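Going by the working numbering, the first residue of the sequence shown is number 421, and it counts up by one from there.
The structure appears below as structure tokens.
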Amino acid sequence: MIRVAICDDHQIVRAGFKQIFSSSDEFSVVAEGSTGREALDIARKEVCDVLLLDIAMPDQSGIDTLRTIRQGQPDLPVLILSGYPAQQYALNLFKMGANGYLNKECEAEELINAVRTVHQGRRYVSSQVGELLAQSFDRDPNTALHTELSDREFQVFLRLARGATVSDIGTALSLSIKTVSTYRTRIMEKMGLQSNSDLTYYAMKNNLLD
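Right under this line is the structure:
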């Protein structure tokens, strides 16, 4: 039996996924969480075989939560749940160690297949994400600029775009101000932008802000 944990801040979403898993004796939902901190607690307790993690959580993003999980539980299969199109986050999340990426509106059969796949130690790549990966290998000029950022650069980018100061980001990510400033410079260079307002505009235009 595959033990599944569902971490999403919407109770109706958790209930819907639970109903899907309850239709099969192959799965057991052993834990639920509605915040990033609860997801971390579940991961640390090692009670599940697969963790379903929402990308948008009220206390900290699924991006930050995934990074912390990978530091402490590198082998735990994490399947990302998102209401956003794959091109906005999928590539960066795979770089950070996500085992799969699913849109919340996926069919029940796809969810079941994804959980089975990551439980077997493989990555679940949908056809849409597979196309994005192929484009990134080909260096398609239409590939979104933010997909070229490293996982840490992407974290800093999102916080800058939301208006956080370098000092705030340093405190939140346990980095020195100098290090955050270096990341900011790299981000600007990679994306060809000039200011924090440019970052905010880009993030809003690409629907990267909650």
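No residue lacks a Cβ here, since even glycine has one placed at the ideal position from N, Cα and C.
On a predicted model such as this, the values are computed, not experimentally measured, just so you know.
| Check | Outcome |
| --- | --- |
| Closest residue to Tyr521 among Gly492, Ile483 and Thr488 (Cα-Cα distance) | Ile483 |
| Beta-carbon gap between Met421 and Ser443 smaller than 7 Å | no |
| Proximity to Leu565 [Cα-Cα], best of Ser594, Tyr509, Leu472 and Ala476 | Tyr509 |
| Simplified DSSP assignment, three categories, for Tyr504 | coil |
| Contacting residues, own chain, Cβ-Cβ under 7 Å from Glu458 (five flanking each side not counted) | Cys427 |
| Start-end ranges of the alpha helix (DSSP H) lying completely within the segment 456-529, minimum 4 residues | 456-465, 482-492 and 506-515 |
| Whole-number beta carbon distance between Asp495 and His539, since they are thought to touch under 8 Å | Contact flag wrong, Cβ pair sits at about 12 Å. |
| Helix, strand or coil at Ala584 according to DSSP, with G and I counted as helix | coil |
| When Glu609, Glu551, Ser594 and Leu499 are compared against Gly541, the one with the closest alpha-carbon | Leu499 |
| Cβ pair Gly456, Asp479 closer than 7 Å | yes |
| Beta-bridge pairing of Ser448 - partner residues as DSSP gives them | Arg423 |
| Nearest candidate by alpha-carbon position, reference Ser454, set Arg464, Thr488 and Ala425 | Ala425 |
| Three-state class that DSSP yields for Gly550 in the structure shown | helix |
| CB of Lys524 within 7 Å of CB of Leu501, strictly | yes |
| For Tyr544, the residue or residues it bridges with in DSSP | Gly520 |
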